[in-house]
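Peer 1: Protein chains in written order, with our numbering: chain A, 1 to 294; chain B, 1001 to 1294.
2 protein chains.
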Amino acid sequence: MSAVIIDGKAFAAGLRGRVADAVPAFVAATGRAPGLSVVLVGDDPASHVYVRNKGIATTGAGMVSVEHRLPADVSEAELLALVAALNADNAVDGILVQMPCPKHISEARVIAAVDPAKDVDGFHPVNAGRLASGLPGLVPCTPSGCLMLLQDALGDLSGKEALVIGRSNIVGKPMAALLVAASATVTAAHSRTRDLAAHVARADIVVAAVGVPELVRGDWLKPGACVIDVGMNRIALPDGKTKLVGDVNFAEALETAGWVTPVPGGVGPMTIACLLRNTLLAAHARTGLAAPAL
Amino acid sequence: MSAVIIDGKAFAAGLRGRVADAVPAFVAATGRAPGLSVVLVGDDPASHVYVRNKGIATTGAGMVSVEHRLPADVSEAELLALVAALNADNAVDGILVQMPCPKHISEARVIAAVDPAKDVDGFHPVNAGRLASGLPGLVPCTPSGCLMLLQDALGDLSGKEALVIGRSNIVGKPMAALLVAASATVTAAHSRTRDLAAHVARADIVVAAVGVPELVRGDWLKPGACVIDVGMNRIALPDGKTKLVGDVNFAEALETAGWVTPVPGGVGPMTIACLLRNTLLAAHARTGLAAPAL
Chain A
1 MSAVIIDGKA FAAGLRGRVA DAVPAFVAAT GRAPGLSVVL VGDDPASHVY
51 VRNKGIATTG AGMVSVEHRL PADVSEAELL ALVAALNADN AVDGILVQMP
101 CPKHISEARV IAAVDPAKDV DGFHPVNAGR LASGLPGLVP CTPSGCLMLL
151 QDALGDLSGK EALVIGRSNI VGKPMAALLV AASATVTAAH SRTRDLAAHV
201 ARADIVVAAV GVPELVRGDW LKPGACVIDV GMNRIALPDG KTKLVGDVNF
251 AEALETAGWV TPVPGGVGPM TIACLLRNTL LAAHARTGLA APAL
Chain B
1001 MSAVIIDGKA FAAGLRGRVA DAVPAFVAAT GRAPGLSVVL VGDDPASHVY
1051 VRNKGIATTG AGMVSVEHRL PADVSEAELL ALVAALNADN AVDGILVQMP
1101 CPKHISEARV IAAVDPAKDV DGFHPVNAGR LASGLPGLVP CTPSGCLMLL
1151 QDALGDLSGK EALVIGRSNI VGKPMAALLV AASATVTAAH SRTRDLAAHV
1201 ARADIVVAAV GVPELVRGDW LKPGACVIDV GMNRIALPDG KTKLVGDVNF
1251 AEALETAGWV TPVPGGVGPM TIACLLRNTL LAAHARTGLA APAL
């Protein structure tokens, strides 16, 4: 068997296009474009790349992108004051504080300071609770994108056996909540799980989000399974170069799985596309407009 | 093998005693006893019994119990106005609106109206989100009581295989979140799950909260498993009488399990004891006092 390679880049481009198509009607109704403000603290090179890419995608969809760059030694109080100002600014529909923050800043306090209605990352406890309670809210971008790819590949997920590896607040836990809401039978596995291979072997759906390079081996998989690889691990090669790999051994998975996402080009592009989607949805909800179909 | 029958009644009495023991120090520090206000709408006989039992247990622990009874045709606005008044009343530490409410009232709006700091049922989306995010908050009483019984029987739950049957906001979903936080590997099963017996067969821990009389059979269980039965189903007997049974066939489970809760006398008494615990914890948190060890 040779798995279908899920083209996350193409799917994300389609979603970004649908977001862009919906922007003019919002502008016509409100007199302004949806606005996303991104706050970046410090000099982490990877964060700078992410923020730049988010900005390009945001303006590419016809929305307003504003970047606030703060020095690494900014006080927590100054950062919280900026968040409060963005909460109060009606032109701002989405607020994203790029993580990680420097050690002297409490990420939990920063997350809790963002207006839940503008929390396009979906990390605020109010949005986590709405997701857990089956209420409408802003859903974290990465698991939201994974769910779209799964539903595109498999259709209805009801009754499917799903395994989520990893229990972070950003991916694993909201992913499990989304899959339960979609009526899959969901197992949450993590670093303390005893026989991970046995869990993988019975799963129709595997979402790996644990940050361990090529942890999941191809011969663990149930033949025909749909494998979504959230991992982005940079490993050193013998020749001194480096390579980006996922949490799943991709070459092996191709032999057994029915569908598998590549790294890069799978889940990654979906995260930014879902950020644009959340910004558009937040803009509509804040202004009392019905959400467009995306 | 004959399972240990978990004595929830005795464990709950111990917890109620520890709550009662902690009340005098709160009174000494604040000049008042912790207060629980229960709101009962309509004439549901079962709800009246529950509310009466809650009141007796509350005063039995030395706390203040106030019951507000509203007619079945009360408007949602009047109910929400009462909740707002209780939110504003500093002598009220816990607010519980007994469910179910009459059909013309939105339970979701009522739940969202309670101050999360006084939400001793733990149903508010903010508390659901705190639980999901690993933050401190008020946890729903029934799953909280189940976790105590599990930890009393098994000690550390890390790495155990846990199966939660049922995905309600009141029991199943918070139970799964608590077990993941306790580092169990957790499977969430429900009405759409395909092969429930196979999931039960590999579980060290089974929490059944689905409301189907004796759904789980003894020969499904892994020998030595710890079985927590949240079900409370009244069934008709051939002689015309009725009987209360759980979601697990108790007589069969005794033969295979290592531990099993009876119905009644298992989880039920823990729910009220955890309500008292939540009221005491809410009282301490609201007044800035350190939580007592319970």
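Backbone N, C-alpha and C define an ideal beta-carbon position, used for all residues, glycine too.
Report buried or exposed for K1054/B, applying the criterion of at least 16 other Cβ atoms within 10 angstroms of its Cβ.
Peer 2: Here residue 1054/B corresponds to residue number 54 of the second sequence, with the count starting at 1. Flag for K1054/B reads buried.
Peer 1: Give the range of the beta strand (DSSP E) segment to which D1195/B is assigned.
Peer 2: In the second sequence, counting from the first residue as 1, residue 1195/B sits at position 195. Run containing D1195/B: none; DSSP gives neither H nor E here.
Peer 1: DSSP on D21/A, reduced to helix/strand/coil?
Peer 2: On the first sequence, residue 21/A is found 21 positions in, with the first residue counted as 1. Helix at D21/A.
Peer 1: May I ask you to list, following chain order, the residues of the stretch 1158-1174 of chain B that have a beta carbon less than 7 Å from some beta carbon of chain A?
Peer 2: Answer in chain order: S1158, G1159, R1167, N1169, K1173.
Peer 1: Per DSSP, S65/A is paired with what?
Peer 2: Locating residue 65/A in the first sequence gives position 65, where the first residue counts as 1. In the DSSP output, where bridge partners are listed per residue, S65/A has L36/A.
Peer 1: Would you check if there are 3 or more beta carbon pairs closer than 8 Å linking the stretch 257-277 of chain A to the stretch 7-18 of chain A?
Peer 2: Short answer: they touch.
Peer 1: Verify whether the separation of the beta carbon atoms of G94/A and T271/A is less than 8 Å.
Peer 2: On the first sequence, position 94 is the one that residue 94/A refers to. On the first sequence, position 271 is the one that residue 271/A refers to. Not in contact: G94/A and T271/A (Cβ atoms no closer than 8 Å).
Peer 1: For the alpha helix (DSSP H) containing V1180/B, list its first residue and its last residue.
Peer 2: Taking the first residue of the second sequence as 1, we reach residue 1180/B at position 180. From DSSP, the alpha helix (DSSP H) with V1180/B extends over 1172-1181.
Peer 1: Determine, using beta carbons only, whether L276/A and R16/A come nearer to each other than 8 Å.
Peer 2: Counted from its first residue, the first sequence places residue 276/A at position 276. Counted from its first residue, the first sequence places residue 16/A at position 16. Their beta carbons are under 8 Å apart, which means L276/A touches R16/A by this criterion.
Peer 1: How do the stretch 1021-1040 of chain B and the stretch 1163-1179 of chain B stand: do at least 3 beta-carbon pairs fall below 8 Å, yes or no?
Peer 2: Too few Cβ pairs lie closer than 8 Å, so no.
Peer 1: Beta carbon of D195/A, beta carbon of K222/A: below 8 Å?
Peer 2: Start at 1 with the first residue of the first sequence, and residue 195/A comes out as number 195. Start at 1 with the first residue of the first sequence, and residue 222/A comes out as number 222. Result no, Cβ atoms of D195/A and K222/A do not sit closer than 8 Å.
Peer 1: What residue range is occupied by the uninterrupted beta strand (DSSP E) comprising A1243/B?
Peer 2: For the purposes of this step, residue 1243/B is taken as residue 243 along the second sequence, with counting starting at 1. The sequence given here has Lys at residue 1243/B, not Ala. Counting along the chain, the beta strand (DSSP E) containing K1243/B begins and ends at 1242-1245.
Peer 1: Closest Cβ-Cβ distance between S1133/B and chain A: below 8 Å?
Peer 2: Start at 1 with the first residue of the second sequence, and residue 1133/B comes out as number 133. Output row for S1133/B: interface = yes.
Peer 1: To be precise: take each residue of the stretch 1093-1117 of chain B, compare its Cβ to all Cβ atoms of chain A, and keep it if any distance is under 8 Å. Which residues remain?
Peer 2: Against chain A - using a Cβ distance shorter than 8 Å - the residues of the stretch 1093-1117 of chain B are A1108.
Peer 1: Who are the Cβ neighbours of C1274/B in its own chain at under 7 Å, not counting the five residues just before and after it?
Peer 2: As a working note, residue 1274/B is residue 274 in the second sequence. Here the set comprises C1141, S1144, G1145.
Peer 1: Within its chain, find whatever has a CB closer than 8 Å to the CB of A22/A; leave out the 5 residues flanking it on each side and keep chain order.
Peer 2: Here the question's residue 22/A lines up with position 22 in the first sequence. Excluding positions up to five away in sequence, the list reads L280, P292, L294.
Peer 1: Buried or exposed for H1104/B, going by 16 or more other Cβ atoms inside 10 Å?
Peer 2: The residue labelled residue 1104/B in the question sits at position 104 within the second sequence. Exposed is the call here.
Peer 1: Residues of the stretch 1229-1258 of chain B with a CB closer than 7 Å to any CB of chain A: list them in chain order, please.
Peer 2: Answer set for the stretch 1229-1258 of chain B: empty.
Peer 1: For the stretch 97-171 of chain A, list the alpha helix (DSSP H) runs that are entirely contained and at least 4 residues long, ordered along the chain.
Peer 2: Qualifying alpha helix (DSSP H) stretches, in chain order: 107-113, 125-133, 141-154.
Peer 1: Check this for me: beta carbons of D229/A and G211/A, under 8 Å apart or not?
Peer 2: Taking the first residue of the first sequence as position 1, residue 229/A is located at position 229. Taking the first residue of the first sequence as position 1, residue 211/A is located at position 211. The answer is no: Cβ separation not under 8 Å.
Peer 1: Nearest to R192/A by CA position, among A1189/B, L1157/B, G1172/B, is which residue?
Peer 2: On the first sequence, residue 192/A is found 192 positions in, with the first residue counted as 1. Here the closest residue by C-alpha is L1157/B.
Peer 1: Report buried or exposed for I111/A, applying the criterion of at least 16 other Cβ atoms within 10 angstroms of its Cβ.
Peer 2: Working through the first sequence from its first residue, we reach residue 111/A at position 111. By the neighbour-count rule (16 or more Cβ atoms within 10 Å), I111/A is buried.
Peer 1: Strictly by DSSP, which residues pair up with C1226/B?
Peer 2: Within the second sequence, residue 1226/B is the residue found at index 226, counting from 1. In the DSSP output, where bridge partners are listed per residue, C1226/B has I1205/B, W1259/B.
Peer 1: Kindly indicate which residue of L147/A, D152/A, T59/A, I235/A has the alpha-carbon position closest to the one of S37/A.
Peer 2: Residue 37/A sits at position 37 when you count from the first residue of the first sequence. Here the closest residue by C-alpha is T59/A.
Peer 1: Kindly list the residues whose CB is nearer than 8 Å to the CB of V267/A, restricted to its own chain and excluding five residues on each side of it in sequence; keep chain order.
Peer 2: Residue numbering aside, residue 267/A sits at position 267 when the first sequence is read from its first letter. Once the five neighbours on either side are set aside, the close Cβ partners of V267/A are G8, T142, G145, C146, L149, I228, D229, V230, T261.
Peer 1: Starting from A1188/B, follow its DSSP beta bridges and name the residues at the other end.
Peer 2: As a first step, residue 1188/B must be located in the second sequence, where it is residue number 188. In the DSSP output, where bridge partners are listed per residue, A1188/B has V186/A, V1164/B.
Peer 1: Out of K1173/B, G1288/B, N1233/B, state which residue places its alpha-carbon closest to the alpha-carbon of L178/A.
Peer 2: Reading the first sequence from its first residue, position 178 is the one you call residue 178/A. Taking only the C-alpha atoms, the option nearest L178/A is K1173/B.
Peer 1: Let me confirm a value: P45/A is counted as buried when at least 16 other C-beta atoms fall within 10 Å, else exposed. Which label applies?
Peer 2: One-based indexing of the first sequence puts residue 45/A at position 45. By the 10 Å Cβ count, P45/A comes out exposed.
Peer 1: Which class does N1249/B belong to by DSSP, given the choice of helix, strand or coil?
Peer 2: Numbered from its first residue, the second sequence carries residue 1249/B at position 249. Three-state DSSP puts N1249/B in coil, outside helix and strand.
Peer 1: What does DSSP give as the partner residue(s) for N1314/B in the beta ladder?
Peer 2: For chain B, the structure presents residues 1001 to 1294; residue 1314/B sits outside this window and is missing.
Peer 1: Use the C-beta contact count for Q1098/B: other C-beta atoms within 10 angstroms, 16 or more gives buried, fewer gives exposed.
Peer 2: Within the second sequence, residue 1098/B is the residue found at index 98, counting from 1. The residue is buried, with at least 16 neighbouring Cβ atoms inside 10 Å.
Peer 1: Report the residue from P116/A, R109/A, Y50/A, S106/A whose alpha carbon sits nearest the alpha carbon of P286/A.
Peer 2: Start at 1 with the first residue of the first sequence, and residue 286/A comes out as number 286. The residue you asked about is not Pro; residue 286/A is Arg in the sequence shown. Residue P116/A is the option with its Cα nearest to R286/A.
Peer 1: CB-CB under 6 Å to A1184/B, same chain, minus the five flanking residues each way: which ones, in chain order?
Peer 2: Against the second sequence, residue 1184/B aligns to sequence position 184. For A1184/B, where only same-chain residues beyond five positions count, the Cβ hits under 6 Å are L1157, K1160, A1162.
Peer 1: Just to confirm, is the Cβ distance from D219/A to T187/A under 8 Å?
Peer 2: Taking the first residue of the first sequence as position 1, residue 219/A is located at position 219. Taking the first residue of the first sequence as position 1, residue 187/A is located at position 187. No, Cβ-Cβ distance for D219/A and T187/A is not below 8 Å.
Peer 1: Here's the rule I'm using: 16 or more other beta-carbon atoms within 10 Å means buried, otherwise exposed. How should G240/A be labelled?
Peer 2: For the purposes of this step, residue 240/A is taken as residue 240 along the first sequence, with counting starting at 1. With fewer than 16 Cβ atoms within 10 Å of its Cβ, G240/A is classed as exposed.
Peer 1: Please confirm if A1012/B has its CB atom under 8 Å from at least one CB of chain A.
Peer 2: On the second sequence, residue 1012/B is found 12 positions in, with the first residue counted as 1. It does not; no Cβ of chain A falls within 8 Å.
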